[in-house]
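Right, one structure below, let's go through it.
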Amino acid sequence: LLACFVAVAAFGSLELLLLIFDFFKRRRGLYFWSLLLSTLATLIFTIVITLLWFAVPQARFGLVFVIVICYPTLNVGNTLVIYSRLHLVTSARKIRWLFWMIVISSVVFLLPQAIIVTISASPDGEHVRDLYRVFEKLSVTATCVREMVVGGVFVWATARNLKPLIVIKGREGRKMVIYLIIATTMMVVTDIIIV
Numbered sequence: 001l002l003a004c005f006v007a008v009a010a011f012g013s014l015e016l017l018l019l020i021f022d023f024f025k026r027r028r029g030l031y032f033w034s035l036l037l038s039t040l041a042t043l044i045f046t047i048v049i050t051l052l053w054f055a056v057p058q059a060r061f062g063l064v065f066v067i068v069i070c071y072p073t074l075n076v077g078n079t080l081v082i083y084s085r086l087h088l089v090t091s092a093r094k095i096r097w098l099f100w101m102i103v104i105s106s107v108v109f110l111l112p113q114a115i116i117v118t119i120s121a122s123p124d125g126e127h128v129r130d131l132y133r134v135f136e137k138l139s140v141t142a143t144c145v146r147e148m149v150v151g152g153v154f155v156w157a158t159a160r161n162l163k164p165l166i167v168i169k170g171r172e173g174r175k176m177v178i179y180l181i182i183a184t185t186m187m188v189v190t191d192i193i194i195v
């Protein structure tokens with residue numbers, strides 16, 4: 001079952017990588033870079049996870065080191081993708097606190113997790129594996145809360161600030177707003193399932 005999820009993630013990342021370079025004519029900005037980095041990190045992460053299943057013990061530490069780099073990149077990148085689209089539905093001044101919440105929560109939860117994972121993967125790392133299990137649950141919960149906050153702000157700002165679009169565009173505008181809200185809600189529901 002896990003192999004199926006890894007295969008779907010790898011295929012989806014590869015497809016998204018091709019779409020990114022096809023879609024973006026100007027390759028700059030937070031949206032482009034966060035989307036590109038989180039997609040590359042997800043692709044590399046799936047490859048490394050697959051290699052870990054078949055790895056000889058001597059290669060394990062090197063593969064875990066790659067995971068330590070990829071996991072925070074895809075984790076923060078996914079949140080920054082959503083954050084980078086917020087300026088479309090609200091003013092940048094109002095959402096600056098979200099950027100700092102993303103930065104602070106990443107440093108507080110992902111940096112210690114990376115250190116603990118690296119230590120636990122070393123040959124003498126047996127003593128921190130229990131700490132890793134506890135901190136991993138804490139980190140996943142914090143990540144989900146962070147994404148729910150960003151997604152919630154996105155849904156709220158979309159519903160509130162795009163009312164004139166609904167009036168002007170009529171049915172088409174309403175459908176677009178509903179699609180945006182459904183996509184963000186699906187992300188939040190997925191986070192809740194993970195926790």
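Numbering follows UniProt numbering, with no gaps: position 30 of the sequence shown is 30. Yeah, the Cβ is synthetic: ideal placement off N, Cα and C, and Gly gets one too.
**Study point:** Span separating the alpha-carbon of Ala9 from that of Leu52
**Key:** Within the sequence shown, numbered from 1, the residue matching residue 9 stands at position 9. Within the sequence shown, numbered from 1, the residue matching residue 52 stands at position 52. Rounded to the nearest whole angstrom, the C-alpha separation of Ala9 and Leu52 is 16 Å.
Exercise for review: Can you grab the Cα-Cα spacing for the pair Ser105 / Cys144, in whole Å?
Suggested key: Along the sequence shown, read from residue 1 onward, the residue named residue 105 stands at position 105. Along the sequence shown, read from residue 1 onward, the residue named residue 144 stands at position 144. Going from the Cα of Ser105 to the Cα of Cys144 covers about 11 Å.
Exercise for review: Ignore the nearest five residues each way along the sequence and tell me which others in Val68's own chain have a CB closer than 8 Å to its CB.
Suggested key: Within the sequence shown, numbered from 1, the residue matching residue 68 stands at position 68. The residues are Ala114, Val117 and Thr118.
Check your understanding: Would you say Gly29 and Ile82 are within 8 Å of each other, going by their C-beta atoms?
Key -> Position 29 of the sequence shown, counting from 1, holds the residue named residue 29. Position 82 of the sequence shown, counting from 1, holds the residue named residue 82. Their beta carbons are not under 8 Å apart, which means Gly29 does not touch Ile82 by this criterion.
Review point. What do you reckon, are the CB atoms on Leu111 and Phe154 nearer than 8 Å?
Key: Translated into positions along the sequence shown, residue 111 becomes position 111. Translated into positions along the sequence shown, residue 154 becomes position 154. No, the pair does not count as a contact, with Cβ atoms beyond the cut-off.
Check your understanding: Span of the alpha helix (DSSP H) holding Phe109?
Key -> As a first step, residue 109 must be located in the sequence shown, where it is residue number 109. It is not in any alpha helix (DSSP H) - Phe109 carries neither H nor E in the DSSP assignment.
Review point. Can you give the Cα-Cα distance for Arg27 and Leu16, rounded to whole angstroms?
Key: Taking the first residue of the sequence shown as 1, we reach residue 27 at position 27. Taking the first residue of the sequence shown as 1, we reach residue 16 at position 16. Straight-line Cα distance between these residues: approximately 15 Å.
Check your understanding: Can you tell which of Met186, Gln58 and Val107 has its C-alpha closest to the C-alpha of Ala142?
Key -> The residue given as residue 142 occupies position 142 in the sequence shown. Checked all of Met186, Gln58 and Val107; the closest Cα to Ala142 is Val107.
Practice item. Note down, in chain order, each residue of its chain lying with its Cβ closer than 7 Å to the Cβ of Ile49, except the 5 sequence neighbours on either side. Key: Within the sequence shown, numbered from 1, the residue matching residue 49 stands at position 49. So the qualifying residues of the chain are Val6.
Point to revise | Candidates Thr185, Phe65, Ser38 and Pro72: closest to Ser13 by CA position | key: Residue mapping note: residue 13 aligns to position 13 of the sequence shown, counting from 1. For Ser13, the nearest C-alpha among the options comes from Ser38.
Check your understanding: In this structure, does DSSP put Ala114 in helix, strand or coil?
Key -> Numbered from its first residue, the sequence shown carries residue 114 at position 114. The answer is helix: DSSP assigns Ala114 an H, G or I state.
Review point. According to DSSP, is Gly29 helix, strand or coil?
Key: The residue labelled residue 29 in the question sits at position 29 within the sequence shown. In the structure shown, Gly29 sits in coil (DSSP, three-state: anything other than H, G, I, E or B).
Exercise for review: Determine the contact status of Ala121 and Phe61, defining contact as a CB-CB distance below 8 Å.
Suggested key: Within the sequence shown, residue 121 is the residue found at index 121, counting from 1. Within the sequence shown, residue 61 is the residue found at index 61, counting from 1. Yes.
**Study point:** Whole-number beta carbon distance between Ala157 and Thr90, since they are thought to touch under 8 Å
**Key:** Along the sequence shown, one-based indexing puts residue 90 at 90. Along the sequence shown, one-based indexing puts residue 157 at 157. Right, their Cβ atoms sit about 4 Å apart.
Review point. What three-state label does DSSP hand Gly152 in the structure shown?
Key: On the sequence shown, residue 152 is found 152 positions in, with the first residue counted as 1. Helix at Gly152.
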